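Notes follow once the structure below has been shown.
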Amino acid sequence: MDRIDHMEHLDKHLADELAQVARDAVREELREQTRKQRRTAAMYAASGAVALYAGAALALTVGLALAIGLPDWAAALITAAVLGALAYGLRNAARPSAPRPTSGGAAQVPGEGAVPGAPVGTVPGTRADGPAVPPMPPVAPSNAVPDTRAR
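Per this note's numbering: the sequence shown ends with 181, consecutive numbering throughout.
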């Protein structure tokens with residue numbers, strides 16, 4: 031019996047060592063991946079900061095170019111209005127719930143004409159998890175019962 035206990039102890043010891051080696055290997059792989067991801071994130075942040083300064087320089091250039099023929103306050107106002115309109119357009123382009131055309135040709139604005147209690151963006155007459163009526167199959171089933179009505 032002593033030999034069996036010794037074998038069980040060795041098996042447990044071997045399993046513990048294998049688990050530790052696997053944990054160490056996974057930990058080292060994750061460290062390497064996070065190192066690469068951190069570097070990539072830093073590069074994206076730096077490019078974003080440089081792009082922000084480039085945009086500010088471009089806005090200043092536009093303002094100074096307009097100031098040649100207009101008063102300074104008007105050039106600044108026009109530049110601010112153009113930048114505001116650009117920001118508004120970019121925000122609307124980034125929205126996931128853009129208005130969708132309906133069968134009438136007009137755009138469906140989320141929230142207008144919606145079913146009460148239904149999530150925003152659902153079309154009236156449909157449930158939140160799918161259409162109210164099942165879709166029509168593209169072809170008739172082959173095992174359909176023949177039409178026996180008198181003609």
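For each residue, glycine too, the CB sits at the ideal point set by N, CA and C.
Everything numeric in this text was worked out from a predicted model, so none of it was measured.
Through-space distance from Gly85 to Ala72, alpha-carbon basis: 20 Å
Whether or not the region 82 to 98 and the region 106 to 118 are in contact is what I'm after, with contact meaning three or more pairs of Cβ atoms, one per stretch, closer than 8 Å; do they touch? yes
Inter-residue CB distance, Leu120 and Ala89 (contact presumed, cutoff 8 Å): 14 Å between Cβ atoms; not a contact.
What separation, rounded to the nearest whole angstrom, lies between the Cα atoms of Ala128 and Tyr74? In this prediction, Ala128 scores a pLDDT of 49, lower than 50, which makes its location untrustworthy; the coordinate-derived value is nonetheless stated afterwards. Taking the straight line joining both Cα atoms gives about 28 Å.
Helix, strand or coil: how does DSSP classify Met37 here? Correct three-state label for Met37: helix.
Quick one, are the C-beta atoms of Ala105 and Ala115 less than 8 Å apart? no
To the nearest angstrom, report how far apart Asp102 and Val80 are at their CA atoms. 27 Å
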